[in-house]
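First up is the structure itself, then whatever we jot down about it.
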Amino acid sequence: KQEVTQIPAALSVPEGENLVLNCSFTDSAIYNLQWFRQDPGKGLTSLLLIQSSQREQTSGRLNASLDKSSGRSTLYIAASQPGDSATYLCAVIDGSSNTGKLIFGQGTTLQVKP
Amino acid sequence: NAGVMQNPRHLVRRRGQEARLRCSPMKGHSHVYWYRQLPEEGLKFMVYLQKENIIDESGMPKERFSAEFPKEGPSILRIQQVVRGDSAAYFCASSPRRQGRIQETQYFGPGTRLLVL
């Protein structure tokens with residue numbers, strides 16, 4: 019059974035710092051991995067989607083990498099800003115799925131202090 | 002192109018009442034997923050529907066919960082005889098699933114926060 023874990027559960031950094039969020043999954047057979055952002059009381063915003071054949075994706079100050087063989091993904095945030103404060107969720111579509119349902123980690127809650 | 006719409010955004014019910022949550026997918030999307038986020042827990046898949054069909058309801062509680070996605074109108078998640086443990090945020094996501102690809106991005110709505118008193 020596929021399980022997704024995110025470490026750390028919470029992170030507090032000063033503004034301007036580069037940081038890395040970690041995501042691991044137990045079964046390397048996945049279709050893709052997606053990183054989301056969730057603001058308090060709000061919905062999910064998709065940040066980056068990495069297909070199983072890809073190694074990384076970049077968008078602005080965000081870079082996500084995928085190592086399927088080790089079951090790991092990292093989300094790198096460069097030059098963090100207070101507006102980056104949110105909960106970051108990682109999710110996979112398991113390779114055995116024929117429905118595309120997402121399996122989520124518990125999330126990492128990030129606080130960037132001015 | 003409007004995003005995924007959910008209403009109501011907040012819903013308060015007393016124990017034993019019914020809760021109806023609505024989801025309108027993005028234009029052109031005929032695939033809908035429902036997820037539940039319990040307090041202090043991650044999002045969990047509940048059900049996947051296409052127009053007029055339930056494809057996968059493996060994440061739905063066996064009793065009191067039902068879902069539909071009619072030919073016309075929004076998808077409905079219905080919870081009968083609500084209990085306090087049903088208090089959660091319920092999110093809907095839609096996907097175009099072009100050529101049946103399950104790797105397509107899912108677009109999430111803002112969620113409905115259900116509080117059962």
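Residue numbers (the numbering used here), protein chains in the order written: chain F, 19 to 132; chain P, 2 to 118.
Even for Gly, the Cβ is constructed at its ideal location relative to N, Cα and C.
The model shown is predicted, which means the values in this text are computed figures rather than measured ones.
In its own chain, which residues sit with a C-beta less than 6 Å from the C-beta of residue i, not counting the 5 before and 5 after it?
| i | result |
| --- | --- |
| residue 21 of chain F | 44 |
| residue 25 of chain F | 40 |
| residue 62 of chain F | 54, 56 |
| residue 79 of chain P | 21, 67 |
| residue 8 of chain P | 23 |
On the DSSP bridge assignment, give the partners of residue i in chain order.
| i | result |
| --- | --- |
| residue 67 of chain P | P/79 |
| residue 11 of chain P | P/114 |
| residue 90 of chain F | F/42, F/85 |
| residue 34 of chain P | P/49, P/94 |
| residue 129 of chain F | F/30 |
| residue 106 of chain F | F/55, F/126 |
| residue 21 of chain P | P/79 |
| residue 41 of chain P | Answer is none; residue 41 of chain P lacks a bridge partner. |
| residue 80 of chain F | F/77, F/95 |
| residue 117 of chain F | Looking at the DSSP assignment, residue 117 of chain F forms no beta bridge with any residue, so it has no partner. |
| residue 6 of chain P | P/25 |
| residue 66 of chain F | F/53 |
| residue 107 of chain P | Residue 107 of chain P is not bridged to any residue. |
| residue 48 of chain F | F/112 |
| residue 22 of chain F | F/43 |
| residue 57 of chain P | P/49 |
Measuring alpha carbon to alpha carbon, tell me which residue in the options is nearest residue i.
| i | options | result |
| --- | --- | --- |
| residue 79 of chain F | F/93, F/50, F/116, F/49 | F/93 |
| residue 54 of chain P | P/8, P/111, P/96, P/33 | P/33 |
| residue 81 of chain P | P/6, P/20, P/4 | P/20 |
| residue 114 of chain F | F/67, F/50, F/23, F/33 | F/50 |
| residue 100 of chain F | F/109, F/119, F/32 | F/32 |
| residue 17 of chain P | P/106, P/85, P/105 | P/85 |
| residue 36 of chain P | F/119, F/124, F/48 | F/119 |
| residue 68 of chain F | F/84, F/62, F/60 | F/84 |
| residue 117 of chain F | P/79, P/63, P/7, P/50 | P/50 |
| residue 48 of chain F | F/63, F/75, F/95, F/70 | F/70 |
| residue 106 of chain P | F/65, F/95, F/29 | F/65 |
| residue 64 of chain P | P/6, P/40, P/87 | P/87 |
In chain order, what residues of the same chain have a beta carbon less than 8 Å from the beta carbon of residue i, not counting five sequence neighbours either side?
| i | result |
| --- | --- |
| residue 4 of chain P | 27, 108, 110 |
| residue 27 of chain F | 124, 125, 126, 127 |
| residue 72 of chain P | 52, 53 |
| residue 59 of chain F | none |
| residue 29 of chain F | 37, 39, 126, 127, 128, 129 |
Can you list, in chain order, the residues of its chain whose CB lies under 7 Å from that of residue i, leaving out five sequence neighbours each side?
| i | result |
| --- | --- |
| residue 30 of chain P | 95, 96, 97 |
| residue 38 of chain P | 44, 89, 90, 92 |
| residue 34 of chain F | 97, 98 |
| residue 75 of chain P | 23, 24, 25 |
| residue 121 of chain F | 20, 22, 109, 110, 112 |
| residue 46 of chain F | 86, 87, 89 |
| residue 73 of chain F | 83, 84 |
| residue 47 of chain P | 35, 36, 37, 60, 61 |
Closer than 8 Å, CB to CB, is residue i near chain A or not?
| i | result |
| --- | --- |
| residue 29 of chain P | Absent from the structure: chain A. Protein chains present are F and P. |
Does the count of Cβ pairs from the segment 52 to 70 of chain P and the segment 120 to 129 of chain F closer than 8 Å reach three?
No, the segment 52 to 70 of chain P does not touch the segment 120 to 129 of chain F.
I'd like to know if the segment 31 to 40 of chain F and the segment 49 to 64 of chain P are in contact, where contact means that at least 3 CB-CB pairs between them fall below 8 Å.
Between the segment 31 to 40 of chain F and the segment 49 to 64 of chain P, the count of C-beta pairs closer than 8 Å stays below three; the two stretches do not touch.
Count the CB pairs spanning the segment 110 to 118 of chain P and the segment 11 to 28 of chain P that are closer than 8 Å, and state whether there are at least three.
Segments in contact, yes.
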